Structures are given as structure tokens and as C-alpha cells.
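Asks: Residues in the sequence shown are numbered consecutively from 32, following our numbering. The beta-carbon is built from N, C-alpha and C at its ideal position, and this holds for glycine as well. All of these numbers come straight from a predicted model, not from anything done at the bench. My structure is below; once you've seen it, I'll send some questions.
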Amino acid sequence: MKILRRKPRAQISSNGPSYPVPVMQRMEPEVLKLFLPMVIESRSELRKSGLIAMDSRQQDISAIIDRIYSKYMPDIVEKAKAIADRFLSDINRYSVKSLESTLKDFSIKFTDSSPAVDRKISDLSAEFVAMIKRVGEKHHDRVLKAVSSGSGAAGIFEELMNIEGVTRSIAKNIAEDQTRKMTSTINAVRLQEAGVTKFRWLHSSGGKTQRPLHVEADGQIYSYNDPPHIGDDGGPTLPGLEPNCRCRAIPELTF
Ligand SMILES: [Zn+2]
32 MKILRRKPRA QISSNGPSYP VPVMQRMEPE VLKLFLPMVI ESRSELRKSG
82 LIAMDSRQQD ISAIIDRIYS KYMPDIVEKA KAIADRFLSD INRYSVKSLE
132 STLKDFSIKF TDSSPAVDRK ISDLSAEFVA MIKRVGEKHH DRVLKAVSSG
182 SGAAGIFEEL MNIEGVTRSI AKNIAEDQTR KMTSTINAVR LQEAGVTKFR
232 WLHSSGGKTQ RPLHVEADGQ IYSYNDPPHI GDDGGPTLPG LEPNCRCRAI
282 PELTF
């Protein structure tokens, strides 16, 4: 007969669940691919039309920019939904594995799917799509602003070159921030479902800038249903939710 025994010194893996770097790395080019064709076509259409060369009327240039934006945006939104769903599924699997490995000394079983987890995944997918839409709108506004700035052909073209560089760094930020946000949010729901109600804030100084409030929170224990009010807007937040926040939540078990 097999005797089940509690391990004598059961402990939580000290670093806790981390963020899936390979997911970030795969997401980045996919996000870039959403916007890059629109950026490149804007530039080549303006060049082809000769409008820039002739320093044409602003409204003609704006009409071209508007037409390209209307052509690309529905497709960008549709692809964003597919990207979100695919990566959320990867992150969800990662969440189960990393939580099981963090709490391997405890007999907690996590399931891939539950109504609460599925609902949260669907919310995160909608939030991702809305965020991509906002980025597209911002991009459009930026090009239109360049057109109406009166900086002339050279100015508009230079701005379009800048926008390509900006788009690349935005894609990187989106991939990293969204991966952390999705992982942290799904972990939180899954842990609470398993009866883990508290977490320890682990500050990471990996980011370029440190948030003093996150440094202060390091090592403190908080409840998932009453997280600390240290969000950038002063509201409640979890580790990894704010832009470029690399902090982590370590599950805290009470005996
Ligand atoms: Zn942080």
C-alpha cells in the first residue's frame, strides 16, 4: 500500500511564478506585423502620388492617409483578436505549469479551464483588441498632425520615418507589457480559485525606472481581493500590470 506523506519541509519555490519570456519574444513581431504594412503603405502612397514632392494641399494628403487607415484598421482589429486568443492560450498553459511548479510541495491541482479563468481570458482578449485599436488611432492622429503641421513635404516624410521607429518600440512594449499583464491576471484568478488568497509582492529592479511605491511594497503580503493602491493612477494593482512593471506575485499560503 502506498502511504501518502506530507513532505517534511514543504515550501513555496522562492522566486514564484515568472513571466514567459518566449511568449513575449513571439508576440513582438506579430504585433509589429499588425501596424507595419499600414505605415509602409502610407509612406509609399504619398511618395507615389507625388503629393509630397509637389507640397500639395493638406486635404489631399489627409485624404490619402484617411483612406489607408480605413482600409487597414478592420483587418488590424480582426488580426489582433486572433493574436490575443492564441497568446492567451499559451499564457494560460504556462500559468498552470508555473503555478504547479511553484507549489509543487503542496497538493494543489490547477485546471486549464474554469468559468472564472475563461471569463478573465475573454476580458483580457477584449482589452488587448481595444488597446491595439487605440494604438492605431494614435498612429493615425500622429500622421495627420504631421500633415497639418505645415512642416512641408520633408517634415511629413521625416515624421513617417520616425513613426516606423516608434512602431517598432511600441510593438516591443506591447508584447512585454501584455504578456506580464495577462500572466499576472490569470495567475491571480487561478490561485484564488484554488483557495490561495494572499500573495507577496516581489519587486524587480529589471526595469529602466523603478516605481518607489513598488520598491516599498517589496516583501509585503497583500490579499488578492484587496490589492495595494499603488497603481500609476492611484488605484489598486497587482504586480506586472503597469507598463514596464516587472514585479511578481509570490503565492502566500497560510497554515
Ligand atoms: Zn513594479
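Run the CB neighbour count on Val246, radius 10 Å, all protein chains shown included, and call it buried at 16 or more, exposed below.
Replies: Exposed is the call here.
Asks: Can you find the residues in the same chain that come closer than 8 angstroms, C-beta to C-beta, to Met58, ignoring five residues on each side of it along the sequence?
Replies: Cβ within range, chain order: Ile114, Phe118, Ile205, Ala206, Gln209, Thr210.
Asks: Which of helix, strand or coil does DSSP assign to Phe118?
Replies: In the structure shown, Phe118 sits in a helix (DSSP, three-state: H, G or I).
Asks: Closer than 6 angstroms by C-beta to Cys276: which residues in its own chain qualify, once you throw out the five before and the five after it? Chain order, please.
Replies: Once the five neighbours on either side are set aside, Cys276 has no close Cβ partner at all.
Asks: I believe Leu233 touches Ile281 by the beta-carbon criterion, under 8 angstroms. Please report the beta-carbon distance rounded to the nearest angstrom.
Replies: So it is a contact: roughly 5 angstroms between Cβ atoms.
Asks: Given Leu191, which residues of its chain have a CB within under 8 angstroms of its CB, disregarding the five upstream and five downstream residues?
Replies: Only Val70, Ser73, Arg74, Leu77, Val174, Ala177 meet the Cβ criterion.
Asks: Are the beta-carbon atoms belonging to Glu224 and Ala111 less than 7 angstroms from one another?
Replies: It is not a contact, given that the beta carbons lie outside the stated cut-off.
Asks: Mind checking who Ile205 pairs with in its DSSP beta bridge?
Replies: The partner list for Ile205 (beta bridge, DSSP) is empty, contrary to what the question assumes.
Asks: With distances taken between CB atoms, is the gap from Ser126 to Asn218 smaller than 7 angstroms?
Replies: The answer is yes: Cβ separation under 7 angstroms.
Asks: So, helix, strand or coil for Ile92, using DSSP?
Replies: Ile92: helix per DSSP, three-state reduction.
Asks: Does the distance from the CB of Val54 to the CB of Asp121 come in under 7 angstroms?
Replies: Yes, the pair counts as a contact, with Cβ atoms nearer than the cut-off.
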